[in-house]
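*Asks:*
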Amino acid sequence: MRDARTMRTKVLIRRAAIERRVREVARQIARDFKGQRVHLVGVLKGACIFLSDLVREIDLETSIDFIAVASYGRGRESTGQVRLLKDLDSSIAGLNVILVEDILDTGLTLSYLLRVLRQRRPKTLRVAALLDKPAQRREEVQADYVGFTIPNEFVVGYGLDYAERYRNLKDVCILRTASR
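The opening residue of the sequence shown carries number 20 in the numbering used here; numbering runs sequentially from there.
(1) Under the three-state reduction of DSSP, which class applies to Val175: helix, strand or coil?
(2) Tell me, please, which residues DSSP counts as bridged to Ser82.
(3) State buried or exposed for Ala66, treating a residue as buried only when at least 16 other CB atoms are found within 10 Å of its CB.
(4) Quick check on the DSSP output: what are the complete alpha helix (DSSP H) runs of length 4 or more inside the segment 92-175, in order along the chain?
(5) Based on Cα-Cα distance, which residue from Asp151, Ser82 and Glu76 lies nearest to Leu123?
(6) Using a Cβ-Cβ cutoff of less than 8 Å, which residues in the same chain neighbour Ala112 once the five nearest sequence positions on both sides are dropped?
(7) Got a sec, what are the start and stop residues for the alpha helix (DSSP H) Ile48 sits in?
(8) Between which residues of its own chain and Glu172 is the CB-CB distance below 6 Å, once the five residues before and five after are set aside?
(9) Return the Cβ separation of Pro153 and Thr143 in integer angstroms, given the expectation that the two are a contact with Cβ distance under 8 Å.
(10) For Ala89, count neighbouring Cβ atoms within 10 angstroms of its own Cβ and tell me buried if that reaches 16, exposed if not.
(11) I need the straight-line Cα distance from Ile77 to Val174, nearest angstrom please.
(12) Report buried or exposed for Asn187, applying the criterion of at least 16 other Cβ atoms within 10 angstroms of its Cβ.
(13) From Gln126 to Phe52, what does the alpha carbon distance come to, in whole angstroms?
(14) Can you have a look at Leu103 and say buried or exposed, based on whether 16 or more other CB atoms are within 10 angstroms of its CB?
(15) As a quick exercise: from Asp106, Arg33, Ala49 and Lys29, pick the residue whose alpha carbon is nearest that of Tyr164.
(16) Quick check: what's the CA-CA separation for Ala45 versus Lys29?
Below is the structure:
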């Protein structure tokens, strides 16, 4: 692992653009589920900031829960293995569920979570991802609601991390070593 002092960030998506896009995604969700309750399931830890901003913008009755998985460990590349670390606190049977992800890249995590959640018989199951990085896709999965499609760069900020650092950045930033 690189020392954080040898890393630098470059803004990819500014906070104001994120705020506008989150409002647009929330309006789309409200149109799609007009008058119905939606249950948002945030994928910890990365999606917590996106979920908290999104839920406040959705003009419907909402509830939330969290699930935690691991596929990256402390590195920049997916291990290819997805492990469930924290399960949901309550049943999603019969609910309109929106799985809220920070980033859709390889698709391994999302594919795993969709299999797990479908077995629990939600009324509907959709995916909202702040970021979509299609160049990394290894599984054929897609999000129903996408904030931004990004290039094949390692990004941090707005909940996304590198070794548990940088989550607090207000912008989404590309993380590079000082030599790049």
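Quick reminder that beta carbons are idealized off the backbone N, C-alpha and C, glycines included.
As the structure is a computational prediction, the values presented were derived from the model and not from experiment.
*Replies:* The structure says:
(1) Against the sequence shown, residue 175 aligns to sequence position 156. Strand, per DSSP.
(2) Start at 1 with the first residue of the sequence shown, and residue 82 comes out as number 63. Answer is His58, bridged to Ser82.
(3) As a working mapping, residue 66 is identified with position 47 in the sequence shown. Classification for Ala66: buried.
(4) Correct list: 127-137.
(5) Looking up residue 123 in the sequence shown gives position 104. For the residues Asp151, Ser82 and Glu76, the minimum Cα distance to Leu123 belongs to Asp151.
(6) In the sequence shown, residue 112 corresponds to position 93, counting from 1. The answer, listed in chain order, is Arg139, Arg140 and Pro141.
(7) Walking along the sequence shown from the start, residue 48 turns up at place 29. Note, Ile48: alpha helix (DSSP H), Arg34 to Asp51.
(8) Stepping through the sequence shown from its first residue, residue 172 is reached at position 153. Apart from sequence neighbours up to five positions away, the residues of its chain that approach Glu172 with a beta-carbon distance below 6 Å are Ile193, ordered along the chain.
(9) Position 134 of the sequence shown holds residue 153. Position 124 of the sequence shown holds residue 143. No, Pro153 and Thr143 are not in contact; Cβ-Cβ is about 24 Å, not under 8 Å.
(10) Within the sequence shown, residue 89 is the residue found at index 70, counting from 1. So Ala89 counts as exposed.
(11) Here residue 77 is taken as the residue at index 58 of the sequence shown, counted from 1. Here residue 174 is taken as the residue at index 155 of the sequence shown, counted from 1. Taking the straight line from one Cα to the other gives about 26 Å.
(12) Working through the sequence shown from its first residue, we reach residue 187 at position 168. By the neighbour-count rule (16 or more Cβ atoms within 10 Å), Asn187 is not buried but exposed.
(13) Position 107 of the sequence shown, counted from the start, is the residue given in the question as residue 126. Position 33 of the sequence shown, counted from the start, is the residue given in the question as residue 52. The question names Gln, but residue 126 in the sequence shown is Gly. Cα to Cα, the separation comes out at about 25 Å.
(14) Working through the sequence shown from its first residue, we reach residue 103 at position 84. With fewer than 16 other Cβ atoms within 10 Å, it is exposed.
(15) Here residue 164 corresponds to residue number 145 of the sequence shown, with the count starting at 1. That would be Ala49, whose Cα lies nearest to the Cα of Tyr164.
(16) By 1-based counting over the sequence shown, the position of residue 45 is 26. By 1-based counting over the sequence shown, the position of residue 29 is 10. Each residue's Cα considered, the two are about 27 Å apart.
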